[in-house]
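In the numbering used here, the protein residues as written are 277 to 670.
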């Protein structure tokens, strides 16, 4: 059989996951410091990968994966002489999902085939000519595109339960439940030597630092602390939990059943939440069942109730309260009591309501956020995407 190249695509349901999918495809959500698709390619021992992206995300994501991370991914192009295994971006990289894909990779067939779970496409094996004919359409996913594509494929119904998520709550639950799969992967979750207490179910990098009087509670699941993370005195971490690389957990903070991404600063209490990384959570804040995009800032004393989702670069001012099931768009700045969804690039206060942000104000806020809290200036690709979002939000 010809070698297959692994490829990742989004189906039309990516819109359910806004505001996060305004600024990334779903397969570029992160667990610790790795994108979802990286977990797959490492566990499947694949080398190069094809990423199928919406056009507005192409330059920014190419910069992130190939310039910043140097992953060598092919973006929105079809290489010669290949078969392709396309994986739905809504599949969480757990052991069950990897085993399913390994079975497909082992098949000695070259026909176009799709694997379905109900009405959802789990994966497709496509010949180069088929993929080339649909590449532009897959960059703008819709139900009609997949109906036409599936008509050209032989189809297999999959009866077993696989980790394809359907909404934000489902996503968070499946990611947290799947932590053990990551600790047993070829990456071993940590890419350095471990201090591992088998009975305690704690995985700690030797490059991490845990200060005195830190309580690690693994009665409900494992705890993984990645390289160069710092857990300061009198903090509490309850599993299942991941503390990402170079993340600082401040004194007397609590992380309970949560995943905290790389290079974050965490104060206050984080419960049953999923933080993608590069987040600032100030002290005395409380986050419950929250999902937070990259470079989001939450000020001191803020309270985010159940199932809140913050887009990338969102700014939550101190002592703000955000009620249940609220979505805050990328690069929006909010304060006071928030009881309604806030679109992309908006100011919001309880007294003044939602106020549109100009492109100049948005760029100024982005520069201030990244420089003051993360020590860098925005790339031209971030500014270009910001301008696209400004036009799209009008």
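Glycine is no exception: its CB is placed at the ideal position from the N, C-alpha and C atoms.
Query	Result
Option nearest residue 383 by Cα separation, candidates 360, 404, 368, 343	360
Residue 634 - DSSP class collapsed to helix/strand/coil	coil
Whole-angstrom distance between residue 638 and residue 654, CA atom to CA atom	12 Å
Beta-carbon proximity list for residue 294, same chain, < 6 Å, skipping 5 on both sides	none
Residue 306, DSSP secondary structure in three states	strand
Anticipated Cβ contact below 8 Å, residue 308 with residue 569, distance rounded	Not quite, the Cβ-Cβ distance comes to about 15 Å (not below 8 Å), so this is no contact.
Between the CA atoms of residue 390 and residue 430 - distance to the nearest angstrom	6 Å
Residue range of the unbroken alpha helix (DSSP H) whose run includes residue 411	404-414
Beta carbon proximity, residue 633 to chain D, threshold 8 Å	No chain D is present in this structure, which holds just one protein chain.
Cross-strand partners of residue 285 (DSSP beta bridge)	364
Coil, strand or helix - residue 351 by DSSP	strand
Sheet register partners of residue 629 (DSSP bridge)	625
Bridge partners - residue 391, DSSP secondary structure assignment	399, 432
Beta-carbon gap between residue 298 and residue 553 smaller than 8 Å	no
Short Cβ contact (8 Å threshold) for residue 666 with residue 635	yes
Proximity to residue 409 [Cα-Cα], best of 662, 451, 425	425
Integer Cβ distance of residue 511 from residue 528, believed to fall under 8 Å	7 Å
Chain-order list of residues whose beta-carbon lies under 7 Å from that of residue 286 (same chain, five-residue window excluded)	301, 302, 365, 417
Beta-carbon separation (whole angstroms), residue 556 vs residue 574, contact threshold 8 Å	7 Å
Pairwise C-alpha distance: residue 354 and residue 610	42 Å
Residue 588 burial status per 10 Å Cβ neighbour count (16 or more: buried)	buried
Start-to-end residues for the beta strand (DSSP E) that takes in residue 326	325-327
Sequence-distant residues of its chain with Cβ nearer than 7 Å to residue 292 (five each side left out)	443
Residue environment, residue 540, which counts as buried when at least 16 other CB atoms sit within 10 Å	buried
DSSP three-state assignment for residue 440, whether helix, strand or coil	strand
Euclidean distance between Cα positions of residue 314 and residue 633	35 Å
Enclosing beta strand (DSSP E) for residue 386 [first to last residue]	Looking at the DSSP string, residue 386 is not in any beta strand (DSSP E), and its letter there is neither H nor E.
Residues that residue 591 bridges to, as DSSP identifies them	573, 609
Helix, strand or coil at residue 596 [DSSP, three-state]	coil
Range covered by the beta strand (DSSP E) that runs through residue 514	512-514
Length of the line joining the Cα atoms of residue 513 and residue 641	33 Å
Collapsed DSSP secondary structure at residue 643 in the structure displayed	helix
Residue 459 - DSSP class collapsed to helix/strand/coil	Residue placement at residue 459 cannot be trusted, given a pLDDT of 48 that sits under 50; the coordinates are not used to answer.
Boundaries of the alpha helix (DSSP H) in which residue 667 is found, first to last residue	656-668
Same chain only: Cβ atoms within 7 Å of residue 428, ignoring 5 sequence neighbours per side	388, 406
Alpha carbon of residue 658 to alpha carbon of residue 341, nearest angstrom	14 Å
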